[in-house]
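In this note's numbering, the protein residues as written are 8 to 210. All C-beta atoms, glycine included, are put in the ideal place defined by N, C-alpha and C. Bear in mind the structure is a predicted one, so any value in this text is a computation, not a measurement.
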């Protein structure tokens with residue numbers, strides 16, 4: 008009986024050691040499993056790839072070359088600032104400012120790609136859907152779909168019509184990689200000034 012008990016104890020110890028070994032092999036970059044329909048960074052999920060404003064993510068341009076994208080600032084405004092009769096689904100006009108830089112130049116995509124999105128829980132908005140932002144037509148020079156020059160930093164501004172503050176900004180490249188930033192619920196950072204200055208007046 009003593010031998011049997013000792014053998015069982017050794018089996019239990021081996022099992023615990025094996026489990027502990029698996030945990031030690033986990034790396035900081037290991038992705039946690041998400042529940043069905045759960046978006047990264049939402050509903051308490053821990054997303055190791057979720058970035059903060061000011062942080063840079065490397066995506067690939069249309070030619071497959073590395074392009075560094077840095078979210079520099081956000082600003083919320085009244086989506087109905089200029090026209091209270093607009094058939095909008097979102098309460099806020101969200102201006103998102105970021106920079107793009109590449110050693111070889113190129114572009115990150117085209118407007119029809121729908122590769123810039125806002126998400127919060129089950130809600131999602133795409134940048135191209137917002138056809139009448141308060142600053143529409145005032146910031147054409149800041150389009151994120153422009154071709155940037157090699158080694159030159161390019162400043163872009165995107166507008167989204169969103170139902171709530173906060174959430175996650177997602178930018179996807181043509182190769183399926185997605186950069187994700189957590190959005191605060193208040194104006195933060197820089198770069199949105201060319202858009203917000205036209206919130207209540209024409210260009």
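Any heavy atom of the ligand GDP closer than 8 Å to the Cβ of residue i?
i, result
"residue 56", "Questions concerning the ligand GDP fall outside what the structure shown contains, since it holds no ligand whatsoever."
Going along the chain, which residues of its own chain have a beta-carbon closer than 8 Å to the beta-carbon of residue i, five neighbours each way excluded?
i, result
"residue 109", "68, 72, 73, 74, 75, 155, 157 and 158"
"residue 63", "75, 76 and 77"
"residue 207", "88, 89 and 141"
Looking only at its own chain, which residues have a Cβ that is under 6 Å from the Cβ of residue i, when we skip the five neighbours before and after it?
i, result
"residue 46", "In this predicted model, residue 46 has a pLDDT of only 41, less than 50, meaning its place in the structure is not dependable; the value taken from the coordinates is given anyway. Result list for residue 46: 126, in chain order."
"residue 152", "117 and 118"
"residue 95", "86 and 168"
"residue 133", "121 and 124"
"residue 104", "79, 80, 164, 198 and 199"
"residue 129", "none"
"residue 185", "177 and 179"
"residue 205", "142 and 145"
Using the beta-carbon count (16 or more within 10 Å), is residue i buried or exposed?
i, result
"residue 144", "exposed"
"residue 92", "exposed"
"residue 84", "buried"
"residue 58", "buried"
"residue 187", "buried"
"residue 203", "buried"
"residue 55", "exposed"
"residue 61", "exposed"
"residue 174", "buried"
"residue 138", "exposed"
"residue 180", "buried"
Three-state secondary structure (DSSP) at residue i?
i, result
"residue 188", "strand"
"residue 125", "strand"
"residue 205", "coil"
"residue 148", "helix"
"residue 13", "Caution applies to residue 13, whose pLDDT of 44 falls short of 50 and renders its modelled position unreliable; the value that the coordinates give is listed next. If DSSP states are grouped into helix, strand and coil, residue 13 belongs with the helices."
"residue 59", "coil"
"residue 132", "strand"
"residue 119", "helix"
"residue 179", "strand"
Could you check how far apart the C-beta atoms of residue i and residue j are, in whole angstroms? I think they sit under 8 Å.
i, j, result
"residue 80", "residue 183", "Residue 80 to residue 183, Cβ: 27 Å. No contact."
"residue 101", "residue 166", "7 Å"
"residue 82", "residue 194", "5 Å"
"residue 98", "residue 170", "6 Å"
"residue 177", "residue 115", "In fact, because the Cβ distance is near 13 Å, the residues do not count as touching under 8 Å."
Within 9 Å of any Cβ in chain B, is that where the Cβ of residue i sits?
i, result
"residue 200", "In the structure shown, chain B cannot be found, because there is only a single protein chain."
Can you give me the Cβ contacts of residue i inside the same chain, cut-off strictly under 7 Å, excluding the 5 residues immediately before and after it?
i, result
"residue 70", "113"
"residue 136", "168"
"residue 172", "83, 99 and 192"
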